[in-house]
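Peer 1: Our numbering puts the sequence shown at residues 42 to 578.
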Amino acid sequence: MKRRRKAARADPFPICRALIGPRAWPRLLKACGGMARPESLPARLAEMKARPGAPDFLPELARLEWTRYEVSKGIKPAANETGRFEINPTLALLPLSWRLCGLVNPVGALSEFERAPLDMARGGEHAMVWRDPATGETRVQAAGDADLLALKVVVEEIPIAKAARAAKAALPVVENALWRAAEKGILLAPRSRIRRDQALFPIPAETPAAFVSSPAFLIQWHITQACDLRCKHCYDRSRRSPLTLEQGMKVLDDLRGFCLDRRVRGHVCFTGGNPFLYPEFGELYRAAAERGFPTSILGNPVARAALEKLLAIQRPQYYQVSLEGLPEYNDRIRGAGHFARTIEFLGVLRDLEVESTVMLTLARDNLEQVLPLAERLRGHTRRFTFNRLSQVGEGAALAMPSRAAYAAFLETYLKAAEGNPILNLKDNLFNIVRRRRGEPPFDGCTGYGCGAAFNFVAVLSDGQAHACRKFPSPIGNLLRQGLGEIYDSEPARRYRAGCRACADCPLRPTCGGCMAIAFARGLNVFEERDPYCFMAE
42 MKRRRKAARA DPFPICRALI GPRAWPRLLK ACGGMARPES LPARLAEMKA RPGAPDFLPE
102 LARLEWTRYE VSKGIKPAAN ETGRFEINPT LALLPLSWRL CGLVNPVGAL SEFERAPLDM
162 ARGGEHAMVW RDPATGETRV QAAGDADLLA LKVVVEEIPI AKAARAAKAA LPVVENALWR
222 AAEKGILLAP RSRIRRDQAL FPIPAETPAA FVSSPAFLIQ WHITQACDLR CKHCYDRSRR
282 SPLTLEQGMK VLDDLRGFCL DRRVRGHVCF TGGNPFLYPE FGELYRAAAE RGFPTSILGN
342 PVARAALEKL LAIQRPQYYQ VSLEGLPEYN DRIRGAGHFA RTIEFLGVLR DLEVESTVML
402 TLARDNLEQV LPLAERLRGH TRRFTFNRLS QVGEGAALAM PSRAAYAAFL ETYLKAAEGN
462 PILNLKDNLF NIVRRRRGEP PFDGCTGYGC GAAFNFVAVL SDGQAHACRK FPSPIGNLLR
522 QGLGEIYDSE PARRYRAGCR ACADCPLRPT CGGCMAIAFA RGLNVFEERD PYCFMAE
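See the structure below:
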């Protein structure tokens, strides 16, 4: 009964009421006949010849607020189990003669709107109101051209190729419009075929569905071994012949076909070495953008002009650089002057409005520098996190902390993250601490615990595909095999299955430890768990 009374008291028109004012609002309602039928208020406001003190857009604002109220009471959209894009059944599309979405979403924008309401509201827009399929939150947003294109394609069941011709656009432009609409939640994407196989990877009953199926697939593409640094923990300094530009184009075409077949959105993360040292990086980057792939970069600081050339093609979703600790330690690992150059480059990224991430490779000697570095990076980057050192290649010469010291560090890091917004979580073992605290799990290293050969693969400069770049884990070669064949191969399936010792762990879908760490300690990665796991302690 209490819930019913609370729902009955809910105000469908909070912005209208705040805009008119607490004294005038009851009088206006009375003039409209009261609130016996609130759904009719927008029409009654429109019929009124005079609305003293009320802006001309009030009837449309009331209609938009009532629509949001109605949508919020609807049922959260169910998962799309079809092989095609579908309209979110909660979506309402309202043509407006005023721009009002910024006023309604988020609630509380009234103070900004009141400064110049008519100037802000003049001109029309299409308002989209829907419940987010992932969170259930009710959202309001003005529809852009890409949104309207996506909705038109789905509603009218227009083949994507035909829609591209009609819009005089490249095919990936229409595909991107569909995927971006699905990311917003106004469309429901087709059911992904990148799913955990329960025969290989048992899923505990309490596991959220979001940890079982991936809507995206990423290749971490090491397009060159060439590098302008000589880091003391480098995993691989072997000589590998880089792919030609033509071979690189074929890799991108293969990735696109794979993503269409598996009903996922592809992502290309360019790295190396230093990807900017690949002679035809700009052409390869453009080819990825033209095929509709979101892009990102894992690299070293580069000249502003080099970065601007890429921005003219497509803005990367993020640019990741590395720092290994405070200046003295970092420069001992990565070379003299590297710390200062990286801080300067983070300023360039900020000026050019490119999202930045700073990654640290954690070892024994920089364990105590992680949180001081995070404090120093406030205001310089959006995200800072770390990976544990995999003691392979040059990294075999560096030492790691003890398991007990590492477990204690994770506790300290989580506490520090409460006060430092740039601290992000990546290592799967954080979920052990979160479970002990009674907190829900975060999504792990790749969004699915260990995503090796699941929602990503590493591609080396000679076309070799590996389940993970941090240790030798070959699963095929893209010069001789298609990505689909590699993904479905027995070696890839073994890496996807992970460690047998973790099979019964309730954290497995969001953890699985780190196979690279197990490999570096000489363990069988398919049988023996991450030696740093402290779940049973």
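Beta carbons are placed, not taken as given, at the ideal position from N, Cα and C, and that holds for glycine.
Pull up the CB-CB distance for LEU464 and PHE425, whole angstroms please, since I reckon it's below 8 Å.
Peer 2: The pair is a contact, with the Cβ atoms about 6 Å apart (cut-off 8 Å).
Peer 1: Under the assumption that GLU101 contacts LEU60 (Cβ atoms under 8 Å), give the Cβ distance between them as a whole number of angstroms.
Peer 2: At roughly 12 Å, the Cβ-Cβ gap does not stay under 8 Å, so GLU101 and LEU60 are not in contact.
Peer 1: Roughly how many angstroms separate the alpha carbons of GLN361 and GLY488, rounded to a whole number?
Peer 2: If I take the Cα positions, the gap works out to 17 Å.
Peer 1: Here's a check: name, in chain order, each residue in its chain whose Cβ is nearer than 8 Å to the Cβ of ARG535, leaving out the five neighbours to either side.
Peer 2: Within the same chain, ARG535 has close Cβ partners PHE567.
Peer 1: Would you check if the distance between the CB atom of SER502 and the CB atom of GLN358 is smaller than 7 Å?
Peer 2: No. Outside cutoff.
Peer 1: Cα separation between HIS239 and ALA246?
Peer 2: This sequence places Gln at residue 239; His is not what is there. Rounded to the nearest angstrom, the two C-alpha atoms are 11 Å apart.
Peer 1: Check THR309 in the structure and name its three-state DSSP category.
Peer 2: Note that residue 309 is Val in the sequence shown, not Thr. Three-state result, VAL309: strand.
Peer 1: By the three-class DSSP mapping on this structure, what secondary structure does THR551 have?
Peer 2: Of the three classes helix, strand and coil, the one that applies to THR551 here is helix, per DSSP.
Peer 1: DSSP three-state label for ILE384, please.
Peer 2: Here ILE384 sits in helix by DSSP.
Peer 1: Decide if ARG617 is buried, meaning its Cβ has at least 16 other Cβ atoms within 10 Å, or exposed.
Peer 2: The question about residue 617 has no answer, for the chain in this structure spans 42 to 578.
Peer 1: Can you give the Cα-Cα distance for GLY333 and MET400, rounded to whole angstroms?
Peer 2: Straight-line Cα distance between these residues: approximately 27 Å.
Peer 1: Between the Cα of GLY523 and those of ALA223, ILE264, PHE299 and ALA205, spot the shortest distance and give me the residue it belongs to.
Peer 2: When only C-alpha atoms are compared, the closest one is PHE299.
Peer 1: Can you tell me which of ILE227, ALA218, CYS310 and GLU88 puts its alpha carbon nearest to the alpha carbon of PRO174?
Peer 2: Checked all of ILE227, ALA218, CYS310 and GLU88; the closest Cα to PRO174 is ILE227.
Peer 1: According to the Cβ coordinates, are PRO118 and THR108 closer than 7 Å?
Peer 2: In this structure, THR108 does not lie closer than 7 Å to PRO118 by Cβ.
Peer 1: Counting Cβ pairs closer than 8 Å, one from the region 202-216 and one from the region 272-284, do we hit at least three?
Peer 2: Not touching, per the Cβ criterion.
Peer 1: With 16 other CB atoms within 10 Å as the buried threshold, where does ARG304 fall?
Peer 2: Looking at its Cβ environment, which holds 16 or more other Cβ atoms inside 10 Å, ARG304 is buried.
Peer 1: Considering only the beta carbon of each residue, do GLY517 and SER530 sit closer than 7 Å?
Peer 2: In contact: GLY517 and SER530 (Cβ atoms closer than 7 Å).
Peer 1: Work out the CA separation of LEU105 and LEU520 for me, nearest whole Å.
Peer 2: Rounded to the nearest angstrom, the two C-alpha atoms are 54 Å apart.
Peer 1: Which stretch, first to last residue, makes up the alpha helix (DSSP H) that contains LEU141?
Peer 2: Run containing LEU141: none; DSSP gives neither H nor E here.
Peer 1: Taking only the alpha-carbon atoms, compute the straight-line gap between LEU318 and GLN432 and give it to the nearest angstrom.
Peer 2: One C-alpha to the other measures close to 26 Å.
Peer 1: For PHE311, which residues of its own chain have a beta-carbon under 7 Å away from its beta-carbon, when the five flanking residues on both sides are left out?
Peer 2: Closer than 7 Å at the Cβ level, and outside the excluded window around PHE311, lie TRP262, ILE264, TYR326, THR336 and ILE338.
Peer 1: Write down the C-beta distance between LEU418 and GLY366 rounded to the nearest angstrom, noting that I regard them as a contact closer than 8 Å.
Peer 2: Wrong, their Cβ atoms sit about 12 Å apart, outside the cutoff.
Peer 1: Check each candidate in ARG356, ASN461, ASN129 and LYS291 and name the one with the smallest Cα separation from LEU219.
Peer 2: Taking only the C-alpha atoms, the option nearest LEU219 is ASN129.
Peer 1: Please classify ILE61: does DSSP put it in a helix, a strand, or coil?
Peer 2: The answer is helix: DSSP assigns ILE61 an H, G or I state.
Peer 1: Determine the DSSP secondary structure at ASN371, reduced to helix, strand or coil.
Peer 2: Of the three classes helix, strand and coil, the one that applies to ASN371 here is helix, per DSSP.
Peer 1: How many angstroms separate the CA atom of ASN496 from the CA atom of ASN371?
Peer 2: Approximately 31 Å, taken between the alpha carbons.
Peer 1: Mark GLN288 as exposed unless 16 or more other C-beta atoms lie within 10 angstroms of its C-beta, in which case mark it buried.
Peer 2: Exposed.
Peer 1: What is the DSSP secondary structure of THR453, counted as helix, strand or coil?
Peer 2: Of the three classes helix, strand and coil, the one that applies to THR453 here is helix, per DSSP.
Peer 1: By how many angstroms is the C-alpha of GLU166 removed from the C-alpha of LEU159?
Peer 2: Only weak support exists for where LEU159 lies, its pLDDT of 48 falling under 50; the coordinates are left without a value.
Peer 1: Check the DSSP bridge columns for MET169 and list the partner residues they point to.
Peer 2: Per DSSP, LEU134 and GLN182.
Peer 1: Using 8 Å for Cβ pairs, my map puts ILE201 next to LEU190. What's the rounded Cβ distance?
Peer 2: At roughly 11 Å, the Cβ-Cβ gap does not stay under 8 Å, so ILE201 and LEU190 are not in contact.
Peer 1: Only counting the same chain, and skipping five residues up and downstream in sequence, which positions put a Cβ closer than 6 Å to that of ASP571?
Peer 2: So the qualifying residues of the chain are GLY554, CYS555, ILE558 and ALA559.
Peer 1: Measure the alpha-carbon distance for VAL215 versus ARG180 and round it to whole angstroms.
Peer 2: Whole-angstrom Cα-Cα distance: 23 Å.
Peer 1: Leaving aside the five residues before and after GLU435 along the sequence, list all residues of the same chain whose C-beta is less than 8 Å from its C-beta, in chain order.
Peer 2: Closer than 8 Å at the Cβ level, and outside the excluded window around GLU435, lie CYS272, LYS273, HIS274, CYS275, TYR276 and ARG278.
Peer 1: Would you identify the three-state DSSP class for LEU564, choosing helix, strand or coil?
Peer 2: In this structure, LEU564 counts as coil in the three-state DSSP scheme.
Peer 1: Taking the alpha carbon of ALA377 as the point to measure from, which residue in LEU270, LYS456 and VAL498 has its own alpha carbon closest?
Peer 2: The residue with the shortest Cα to Cα distance from ALA377 is LEU270.
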